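Numbering-wise (our numbering), the sequence shown opens with residue 7 and increments by one. This report refers to the structure that appears directly beneath it.
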Amino acid sequence: MKKTIFMLLVALTMVNSLIFANGQSESSSTKQKVVGVCMPTQSSERWINDGANMKKQLEALGYKVEMQYAEDDVQAQVSQVENLIVKKVDCLVVAAVDSSALVNALAIAKVNKIPVIAYDRLLMDTDAVSYYATFDNKGVGTAIGDYIVKSKKLATAKADGKTYNIEFFMGSPDDNNALFLYNGVMEVLQPYLDNGVLVCRSGRTSFQETCILRWSQETAQQNCENYLSGFYSNDHLDIACSAFDGFAYGIKSALMGAGYTLGENWPLITGQDAELMAVKNIISGYQTMSIYKDTRLLAQKCVSMVQAVLTGSKPEINDTTQYNNHVLVVPSYLCTPIAVDKSNYQKIIVDGGYYTPDQLK
Ligand code: BGC
7 MKKTIFMLLV
17 ALTMVNSLIF
27 ANGQSESSST
37 KQKVVGVCMP
47 TQSSERWIND
57 GANMKKQLEA
67 LGYKVEMQYA
77 EDDVQAQVSQ
87 VENLIVKKVD
97 CLVVAAVDSS
107 ALVNALAIAK
117 VNKIPVIAYD
127 RLLMDTDAVS
137 YYATFDNKGV
147 GTAIGDYIVK
157 SKKLATAKAD
167 GKTYNIEFFM
177 GSPDDNNALF
187 LYNGVMEVLQ
197 PYLDNGVLVC
207 RSGRTSFQET
217 CILRWSQETA
227 QQNCENYLSG
237 FYSNDHLDIA
247 CSAFDGFAYG
257 IKSALMGAGY
267 TLGENWPLIT
277 GQDAELMAVK
287 NIISGYQTMS
297 IYKDTRLLAQ
307 KCVSMVQAVL
317 TGSKPEINDT
327 TQYNNHVLVV
337 PSYLCTPIAV
347 DKSNYQKIIV
357 DGGYYTPDQL
367 K
């Protein structure tokens, strides 16, 4: 019933746009263009920043912005996209909750000639997407892996007779980025699992065994608690290889609950996004590193794609091979992720104007 009403609305929308096209009403050149921006959730700081940056940059160019947050509810995001189509936005920018759940809604956008740009997360199984702005997602994984190798001196550990216990906390199985990141991590760390320098006591090393649905902090904490009680009661966890700052917060709570102490036996904990809380934890030592993703730069690249589809020009693209969404290889711009820790956060994050010293107090 809901679907039928929606299809009716879409048909009405199309009739309306035909009337406009016949010149009876507004002139398309003078009408302020509207960009619908669909973000996944406000539960993590990064997406709040992404939304704010997109709004600011689009408005500075004279666009009106319709911003939607789906709070990680797949159906809510489907409805939000459908509503924006009914409202006849001129362009849709989508960071999906579930990368494959928007196929039907995006098909309607295509029928209505509304261009779609994938933001940060690839839109899967659809031919309705024009461009993709993101970070080098495999590069995020290799940067995390490289950081672990370097700080634990894994290259010489075998000769030094050293081994380290590691557990993995990987991203959401419905987010294409998560597998890219996992592949990057394993490209670097698998040789050390194979030669016995890294030991995963839980035995959970595959993506299927370590992925965490919807990037849930609570599940990461629960998993960590289970690993600590099940496999580490007589042993020590040395490395928590976490794909997200949110997981690192959950891991921190689990470790504290199990009696781990900062400055004594606290493990190396990785993360992603360089959220404000994560950088504070890096300063205090509760988190070892994160991956800084400058959301201002991502917004800038995405906004240039919006401009391109609305003016018929070509945006800057730097990858035309990696991001196959099962229907097409989506032309992409990949921004470069940067590993940050205590040694360089000041230079990269503070001097770069991402956070002020006051925010980090
Ligand atoms: C993003 C990450 C983020 C994660 C959880 C991924 O799609 O690329 O930057 O940490 O979602 O929000």
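Here a beta-carbon is modelled for each residue, glycine too, at the ideal position from N, C-alpha and C. Source: prediction; values computed, not measured.
For a minimum of 4 consecutive residues, which ranges assigned as the alpha helix (DSSP H) are wholly contained in the stretch 102-188? 109-117, 143-157, 160-166
Taking all protein chains shown into account, do 16 or more other C-beta atoms lie within 10 angstroms of the C-beta of V335, making it buried, or fewer, making it exposed? Taking the sequence shown and counting its residues from 1, one reaches residue 335 at position 329. The residue in question, V335, is exposed, as its Cβ has fewer than 16 Cβ neighbours within 10 Å.
Applying the criterion that 16 or more other CB atoms from any shown protein chain within 10 Å of the CB defines a buried residue, is L243 buried or exposed? Translated into the one-based positions of the sequence shown, residue 243 becomes position 237. Buried is the call here.
In terms of alpha-carbon separation, which member of L187, A134, M295, R207 lies closest to T169? Numbered from 1 along the sequence shown, position 163 holds the residue referred to as residue 169. With distances taken between Cα atoms, T169 lies closest to R207.
Reducing DSSP to helix, strand and coil, say where K94 ends up. Along the sequence shown, one-based indexing puts residue 94 at 88. K94 falls in the coil class under three-state DSSP.
For the beta strand (DSSP E) holding E215, just list the boundary residues, first then last. By one-based count along the sequence shown, residue 215 stands at place 209. Premise fails: E215 lies in the alpha helix (DSSP H), 213-216, not in any beta strand (DSSP E).
Distance, D300 Cα to G359 Cα: By 1-based counting over the sequence shown, the position of residue 359 is 353. By 1-based counting over the sequence shown, the position of residue 300 is 294. Taking the straight line joining both Cα atoms gives about 10 Å.
Leaving out the 5 sequence neighbours to the left and right, which residues in its chain are closer than 6 Å to G42 when beta-carbon positions are compared? Taking the first residue of the sequence shown as position 1, residue 42 is located at position 36. Excluding sequence neighbours, G42 sits near E72, L90, V95, L98.
Here's the rule I'm using: 16 or more other beta-carbon atoms within 10 Å means buried, otherwise exposed. How should K367 be labelled? As a first step, residue 367 is located in the sequence shown; it is residue number 361 there, counting from the start. With fewer than 16 Cβ atoms within 10 Å of its Cβ, K367 is classed as exposed.
DSSP three-state label for K258, please. Along the sequence shown, one-based indexing puts residue 258 at 252. Residue state, collapsed to three classes: helix.
For A27, the three-state DSSP class (helix, strand or coil): One-based indexing of the sequence shown puts residue 27 at position 21. Its pLDDT being 40, under 50, A27 is placed unreliably in this model, and the coordinates cannot settle the point.
Between G202 and L187, is the Cβ-Cβ spacing less than 9 Å? Mapped onto the sequence shown, residue 202 falls at position 196. Mapped onto the sequence shown, residue 187 falls at position 181. No.
In or out: G318 buried (at least 16 other Cβ within 10 Å) or exposed? For the purposes of this step, residue 318 is identified with residue 312 of the sequence shown, where counting begins at 1. When all chains shown are included, G318 counts as exposed.
Would you identify the three-state DSSP class for Y292, choosing helix, strand or coil? For this step, residue 292 is matched to residue 286 along the sequence shown. Three-state result, Y292: coil.
Which value, in whole angstroms, describes the spacing of the CA atoms of A254 and N118? Numbered from its first residue, the sequence shown carries residue 254 at position 248. Numbered from its first residue, the sequence shown carries residue 118 at position 112. Distance between the alpha carbons of A254 and N118 is about 42 Å.
Would you tell me roughly how many angstroms separate the C-alpha atoms of F175 and L195, rounded to the nearest one? Within the sequence shown, numbered from 1, the residue matching residue 175 stands at position 169. Within the sequence shown, numbered from 1, the residue matching residue 195 stands at position 189. Answer to the nearest angstrom: the Cα atoms are 14 Å apart.
DSSP three-state call for C44: helix, strand or coil? For the purposes of this step, residue 44 is identified with residue 38 of the sequence shown, where counting begins at 1. Of the three classes helix, strand and coil, the one that applies to C44 here is strand, per DSSP.
In or out: N182 buried (at least 16 other Cβ within 10 Å) or exposed? The residue labelled residue 182 in the question sits at position 176 within the sequence shown. Buried is the call here.
Please report the distance separating the alpha-carbon of V155 from that of P337. As a first step, residue 155 must be located in the sequence shown, where it is residue number 149. As a first step, residue 337 must be located in the sequence shown, where it is residue number 331. Each residue's CA atom was taken as its position, placing V155 and P337 some 32 Å apart.
Report, in whole angstroms, the separation of the C-beta atoms of I245 and K158, which I expect to be a contact under 8 Å. Reading the sequence shown from its first residue, position 239 is the one you call residue 245. Reading the sequence shown from its first residue, position 152 is the one you call residue 158. Contact holds; Cβ gap of about 7 Å.
Taking the continuous alpha helix (DSSP H) assigned at Q376, which residues delimit it? Outside the modelled stretch of the chain, which goes from 7 to 367, sits residue 376, for which no answer is possible.
Would you report the Cα separation of K79 and S248, rounded to the nearest angstrom? As a working note, residue 79 is residue 73 in the sequence shown. As a working note, residue 248 is residue 242 in the sequence shown. According to the sequence provided, residue 79 is Asp. The question's Lys does not apply to it. The alpha-carbon atoms of D79 and S248 are separated by roughly 23 Å.
How big is the Cα-Cα spacing for Q328 and T342? Counted from its first residue, the sequence shown places residue 328 at position 322. Counted from its first residue, the sequence shown places residue 342 at position 336. Roughly 15 Å between the two C-alpha positions.
Alpha carbon to alpha carbon, what distance is there between D180 and L303? Indexing the sequence shown from 1 puts residue 303 at position 297. Indexing the sequence shown from 1 puts residue 180 at position 174. If I take the Cα positions, the gap works out to 25 Å.
Can you find the residues in the same chain that come closer than 7 Å, C-beta to C-beta, to F213, ignoring five residues on each side of it along the sequence? Within the sequence shown, residue 213 is the residue found at index 207, counting from 1. So the qualifying residues of the chain are M176, L185, Y188.
Within 8 Å: the Cβ of T47 and any heavy atom of the ligand BGC? As a first step, residue 47 is located in the sequence shown; it is residue number 41 there, counting from the start. At least one heavy atom of the ligand BGC is nearer than 8 Å to the Cβ of T47, so yes.
Of the choices Y198, F250, L204, whose alpha-carbon is the least far from that of I218? For the purposes of this step, residue 218 is taken as the residue at position 212 of the sequence shown. Considering only alpha carbons, the answer is F250.
Candidates D133, Y125, M311: closest to K116 by CA position: On the sequence shown, position 110 is the one that residue 116 refers to. Of the candidates D133, Y125, M311, the one whose C-alpha sits nearest the C-alpha of K116 is D133.
Going by DSSP in three states, G359 sits in which element: helix, strand or coil? Residue 359 sits at position 353 when you count from the first residue of the sequence shown. Here G359 sits in coil by DSSP.
Using the three-state DSSP reduction, which class does Q81 fall into: helix, strand or coil? Working through the sequence shown from its first residue, we reach residue 81 at position 75. Here Q81 sits in helix by DSSP.
Taking buried to mean at least 16 other C-beta atoms within 10 Å of its own C-beta, is K353 buried or exposed? Counting from 1 along the sequence shown, the entry for residue 353 is found at position 347. Under this definition K353 is an exposed residue.
Indicate, with yes or no, if the ligand BGC has a heavy atom lying under 8 Å from the CB of Q278. Along the sequence shown, read from residue 1 onward, the residue named residue 278 stands at position 272. Because some heavy atom of the ligand BGC lies under 8 Å away, the Cβ of Q278 counts as near it: yes.
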